[in-house]
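*Asks:*
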Amino acid sequence: MKSNNLQAIYIMWLREMKRFLRSKSRVVGSLMVPFFFLLFMGLGFKSGFNLPGMPQEANYIDFLVPGIIGMTILFTSTFAGISVLWDREFGFLKEIMVAPVRRSAVVLGRIAGGITTSLIQGILILIISLFMGFQIISFFGLVLAFLFMFLISVGFIGFGIAIASKMKDIHGFSLIMQFIIFPIFILSGAFFPVTNLPSWLRLFSYIDPLTYGADGLRASLISFSQFPIFLDLISLFIFGFLMVILGTYLFAKMEV
Amino acid sequence: MPDIEIKNLIKDFNGLRAVNNISFEVKEGEIFGLLGPNGAGKTTTIKILATLLKPTKGEAKVCGFDILKQKDEVRNSIGIVFQEPALDNRLTGRENLDFHARLYGLSKEIRQRRMKEVLNLVGLEDKADVLVINYSGGMQRRLEIARGLMHYPKVLFLDEPTLGLDPQTRHHIWDYILKLNQKERITIILTTHYMEEADYLCQRVGIIDFGKIAALDTPQNLKNILGGDVISIEAVPQKAAFEIFKKLPWVKRIKQYSNFINLNVERGENKIPLLMKIDPKEEAFKVKTVNLRKPTLEDVFLHFTGKTIRETEASQSEKNKIRR
Chain A
39 MKSNNLQAIY
49 IMWLREMKRF
59 LRSKSRVVGS
69 LMVPFFFLLF
79 MGLGFKSGFN
89 LPGMPQEANY
99 IDFLVPGIIG
109 MTILFTSTFA
119 GISVLWDREF
129 GFLKEIMVAP
139 VRRSAVVLGR
149 IAGGITTSLI
159 QGILILIISL
169 FMGFQIISFF
179 GLVLAFLFMF
189 LISVGFIGFG
199 IAIASKMKDI
209 HGFSLIMQFI
219 IFPIFILSGA
229 FFPVTNLPSW
239 LRLFSYIDPL
249 TYGADGLRAS
259 LISFSQFPIF
269 LDLISLFIFG
279 FLMVILGTYL
289 FAKMEV
Chain B
13 MPDIEIKNLI
23 KDFNGLRAVN
33 NISFEVKEGE
43 IFGLLGPNGA
53 GKTTTIKILA
63 TLLKPTKGEA
73 KVCGFDILKQ
83 KDEVRNSIGI
93 VFQEPALDNR
103 LTGRENLDFH
113 ARLYGLSKEI
123 RQRRMKEVLN
133 LVGLEDKADV
143 LVINYSGGMQ
153 RRLEIARGLM
163 HYPKVLFLDE
173 PTLGLDPQTR
183 HHIWDYILKL
193 NQKERITIIL
203 TTHYMEEADY
213 LCQRVGIIDF
223 GKIAALDTPQ
233 NLKNILGGDV
243 ISIEAVPQKA
253 AFEIFKKLPW
263 VKRIKQYSNF
273 INLNVERGEN
283 KIPLLMKIDP
293 KEEAFKVKTV
303 NLRKPTLEDV
313 FLHFTGKTIR
323 ETEASQSEKN
333 KIRR
C-alpha cells in the first residue's frame, strides 16, 4: 500500500510535467504578463529613478525583478492548485478519487508538479531579466532565491487546492483571481516598497504572505530588504505548512 | 459468496431520498443491470458501491469487503466507467492507462503486458499513442472500459456505458462488454435506461424507479410475468374503449398510458379477430391503430411502475424545469 502512494505522488507529478510541456501556449501565456511588466515598467521608470525607501545605488529594474518573479510564482502556483477544478470539470477527478491511494498522496503529487512548473517559469523570468541588465549579487543569493521561490510556491499551491476543494465549478475562478490573487500581488510590494503605503493599507501588506516572499527574494538577489531575512523565511514556512495542511484536509473531505 | 451484497441501502440528498431502502445481490461472473429512468437512483447506488458516496443508512459489501470500513480493498477489487468521460484528454490513451496502472500499484512488467491485453480487447492498439482529445466518443468509452480493466478488478461498474453513442457504436460496445465478461470472467454491473441494452446484455435485471427496486429477475422471467402477447391499441375516446376492453374475458391484464391501451393476452394473433367483432358504432369509440408484439422490458417496466420509462423521464424533466 505504501509503494502505491509513492507511485501516486510520482504519477501526479509526471502528469503535470507532460501537460506542461505539451501546452506551449500556457507557458508562453503565463510568461508574457511578467515579461511585459518587466519591459515596460523597467524601461518606463528609467535607471536613476528612485522610489522613496529604495536604496540610492539601485535601479528600479533591480527592485522590480524579484517582485515580478514573486508574482510569476504566485500566479502559476495558485493556478496549479486550482487546476483541481478543471479536473473536476472534465471528470478526471473521479478517476483519482476512486483509486486505492491516500488523498494526501494525490495532494503531494500535485504540489510536486506545481512547484516544478512554477520554478521553471520563475527561473525563465530571472534569465530574461539578466538580458535586461539585472545582476545577481552572489551564487549563495541565487540558491537562497530558489528556496524562497520554493516556499512561495508550496504555500500558494496549497492555497489553490484549498479554494478548489470548496468550489463547486469553474465559474467562480475569475472572481477568485480578481478579489484574492490580484490584491495579494498588488499589496506584496512587488512594484514599490510597502513602507510607502499609508499605515492602514500597510496592515494588509503585512498579512499578505507574498510580501515576505518578494522581500526575501529581494534580500537574496539584490541584498536589499525591509524585514530581516529570517522573518521572511519563517513567515513563508508557516504559511506553506498551514496551506498544505488545509489543502490536504479540504481535498480529502471533497465528494465528487 | 456473492460479489455484491446490498442490504437496506438508503441515501438522502438534502432531504430528498435518492435511494430508498434497496437490497439485492449480484453473483460472481454475472452481468447485472439496473434499469430505470434518469434520476431513479442508479448512479447514486453505483457511487455508493464505489466508495465515492457514503450511504445515509444500510450496508453494502463488494467482494466481501465493507464499503465503509474497507475502502481500499473495495477500490482495489473494482473497476468503474463513469457516465461522463473521466479521461485526461491532454494525455495519450497509453498514458491514461499507465497513470491508472501506477495508481493501482502494478509493477512494470504487469503494466506493460496488461496494457497490451486491454488495448487489444477494445481494439485500440493502433490509436494508443494518440492524444485522447482526438478520440471519438466511442473510442473514449472503449478506452475507459480498457482502463477500468487494467488492474484485474473482480467487478466492473459501467454507468450508462452507451449513453450518447450512435446505434452502431452502441452495438460494438455491447460486443466488447460480452467479450470481456466471458474472457476475463468478470462480474459486471451496469446501469441503463435503454430497454434493448438491458435485454441484450444482462443475465438479471433490477427495475429501479424512485429509488426503489420494483422487480428483479432475468429478462425472460420478467417478460414471462406478463406472459403471452401484448396488443397495443390506439382508440378514441380512450376512456370508452378502456371500459369495453376491461370486460373482455380473454384479457389477462390491461394498462393505459399516453394514447395507448395495452392488453396482455394469450395467443394474440387469435384475439385480433375477436377485437374486430366489437361493434364500434354500438360502443361509441373508434380504433385507430392495433399493434401485436411479444412483451418487451418496456412493457414490464410499464407493468411494475404504471408508466413507460419515457413518460417517467418526461415528467421528471418537467419537474426540474419547475424547480428552476
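As you go down the protein sequences, you meet chains A and B in turn. Residue numbering for the first sequence follows this note's numbering, beginning at 39 and increasing consecutively. Residue numbering for the second sequence follows this note's numbering, beginning at 13 and increasing consecutively. Glycine included, every Cβ here is placed at the ideal spot set by N, Cα and C.
Using only alpha-carbon positions, find the residue among A:L146, A:I276, A:E133 and A:I224 that is nearest to A:E293.
*Replies:* When only C-alpha atoms are compared, the closest one is A:E133.
*Asks:* Tell me whether the segment 171-185 of chain B and the segment 271-278 of chain A touch, counting them as touching only if at least three CB pairs, one residue from each stretch, are closer than 8 Å.
*Replies:* Touching, no, given that fewer than three Cβ pairs across the two stretches are closer than 8 Å.
*Asks:* Between which residues of its own chain and A:F188 is the CB-CB distance below 8 Å, once the five residues before and five after are set aside?
*Replies:* Excluding positions up to five away in sequence, the list reads I153 and L157.
*Asks:* Consult DSSP for B:K195 and reduce its assignment to one of helix, strand or coil.
*Replies:* If DSSP states are grouped into helix, strand and coil, B:K195 belongs with the helices.
*Asks:* Can you check whether the CB of B:D311 is closer than 7 Å to the CB of B:D199?
*Replies:* Checking the sequence shown, residue 199 of chain B turns out to be Thr, not Asp. No, the Cβ-Cβ distance between B:T199 and B:D311 is not below 7 Å.
*Asks:* Hey, does A:G129 have any beta-carbon neighbour from chain B nearer than 7 Å?
*Replies:* Yes, its Cβ sits closer than 7 Å to a Cβ of chain B.
*Asks:* Using 10 angstroms around the beta-carbon of B:A296, count the other beta-carbons present and answer buried if the total reaches 16, otherwise exposed.
*Replies:* It counts as exposed.
*Asks:* Could you tell me the alpha carbon to alpha carbon distance between B:R336 and B:N276, rounded to whole angstroms?
*Replies:* Because B:R336 sits at a pLDDT of 40, beneath the cut-off of 50, its placement in the model cannot be relied upon, and the following sentence gives the value as read from the coordinates. Rounded to whole angstroms, B:R336 to B:N276 spans 40 Å at the Cα level.
*Asks:* Candidates A:G147, A:G119 and A:S167: which alpha carbon is nearest A:L76's?
*Replies:* Cα-wise, what sits closest to A:L76 is A:S167.
*Asks:* Quick one: grab the DSSP three-state call for B:Y269.
*Replies:* Residue state, collapsed to three classes: strand.
*Asks:* Figure out for me which residue from A:F279, A:D125 and A:R256 has the closest Cα to the Cα of A:V181.
*Replies:* Closest option to A:V181, Cα to Cα, is A:R256.
*Asks:* Checking the sheet assignment: what are the DSSP bridge partners for B:N32?
*Replies:* In DSSP, B:N32 forms a bridge with B:I22.
*Asks:* Contact check, B:I225 vs B:F169 under 8 Å by CB: the rounded distance?
*Replies:* About 17 Å separates the two Cβ atoms, so there is no contact after all.
*Asks:* In chain order, what residues of the same chain lie with their CB nearer than 8 Å to the CB of A:R64, ignoring the 5 residues before and after it?
*Replies:* These residues qualify, in order along the chain: F58.
*Asks:* DSSP on A:D125, reduced to helix/strand/coil?
*Replies:* Correct three-state label for A:D125: helix.
*Asks:* B:T57: beta carbon under 6 Å from a heavy atom of the ligand PLP?
*Replies:* The ligand PLP is not part of the structure shown, which contains no ligands of any sort.
*Asks:* Quick check: the Cα distance between B:G299 and B:E255, rounded to an integer number of angstroms?
*Replies:* The sequence given here places Val at residue 299 of chain B; Gly does not occur at that position. In a straight line, the C-alpha of B:V299 is about 14 Å away from that of B:E255.
*Asks:* Who are B:F77's beta bridge partners in DSSP?
*Replies:* According to DSSP, which records beta bridges pairwise, B:F77 is partnered with B:V74.
*Asks:* Quick one: any contact between the segment 192-207 of chain A and the segment 254-269 of chain A, if contact means 3 or more CB pairs under 8 Å?
*Replies:* Output reads no: the segment 254-269 of chain A does not touch the segment 192-207 of chain A.
*Asks:* Helix, strand or coil, according to DSSP, for B:E3 in the structure here?
*Replies:* No statement about residue 3 of chain B is possible, as the shown extent of chain B runs from 13 to 336 and does not include it.
*Asks:* For a contact meaning CB atoms closer than 9 Å, what does A:M55 contact in chain B?
*Replies:* Within 9 Å Cβ-Cβ: nothing; A:M55 doesn't reach chain B, min ~11 Å.
*Asks:* With C-beta atoms as the reference, is A:T155 less than 7 Å away from A:I219?
*Replies:* The answer is no: Cβ separation not under 7 Å.
*Asks:* Step through the CB atoms of chain A and report whether any lies within less than 7 Å of the CB of B:E96.
*Replies:* Chain A contact via Cβ: present.
*Asks:* Would the segment 54-74 of chain B count as touching the segment 243-254 of chain B if we require 3 or more Cβ pairs under 8 Å?
*Replies:* Because the criterion of three Cβ pairs below 8 Å is not met, the segment 54-74 of chain B and the segment 243-254 of chain B do not touch.
*Asks:* In the DSSP assignment, find the alpha helix (DSSP H) that holds B:D211 and state where it starts and stops.
*Replies:* Note, B:D211: alpha helix (DSSP H), M207 to L213.
*Asks:* In terms of residues, what are the limits of the beta strand (DSSP E) holding B:T301?
*Replies:* Run containing B:T301: K298 to R305, per the beta strand (DSSP E) assignment.
*Asks:* Below 8 Å, can you find three or more Cβ-Cβ pairs linking the segment 216-235 of chain B to the segment 49-63 of chain B?
*Replies:* Flag = yes, the segment 216-235 of chain B and the segment 49-63 of chain B touch.
*Asks:* How big is the Cα-Cα spacing for A:M39 and A:M50?
*Replies:* With a pLDDT of only 48 at A:M39, under the threshold of 50, the placement of this residue in the model should not be trusted, and no figure is reported.
*Asks:* In whole angstroms, what separates the C-alpha of A:L131 from that of A:F78?
*Replies:* Each residue's alpha carbon lies about 40 Å from the other.
*Asks:* Would you give the residue range spanned by the alpha helix (DSSP H) that B:G160 belongs to?
*Replies:* B:G160 -> alpha helix (DSSP H) spans G149 to L161.
*Asks:* If we call anything under 7 Å between Cβ atoms a contact, is B:I266 one with B:V167?
*Replies:* Result no, Cβ atoms of B:I266 and B:V167 do not sit closer than 7 Å.
*Asks:* In chain A, what lies closer than 9 Å to B:N50 by C-beta?
*Replies:* Correct list: empty, because the minimum Cβ distance to chain A is about 18 Å.
*Asks:* Straight-line CA distance for B:V74 to B:P249?
*Replies:* Looking at the two C-alpha atoms, the distance is approximately 52 Å.
*Asks:* What is the rounded straight-line gap between the Cα of B:N7 and the Cα of B:L61?
*Replies:* With chain B represented from 13 up to 336, any question about residue 7 of chain B goes unanswered, as that position is not in the structure.
*Asks:* Any C-beta of chain A sitting closer than 7 Å to the C-beta of B:R335?
*Replies:* At B:R335, the pLDDT of 43 sits below 50, so the modelled position is not reliable and the matter cannot be decided from this model.
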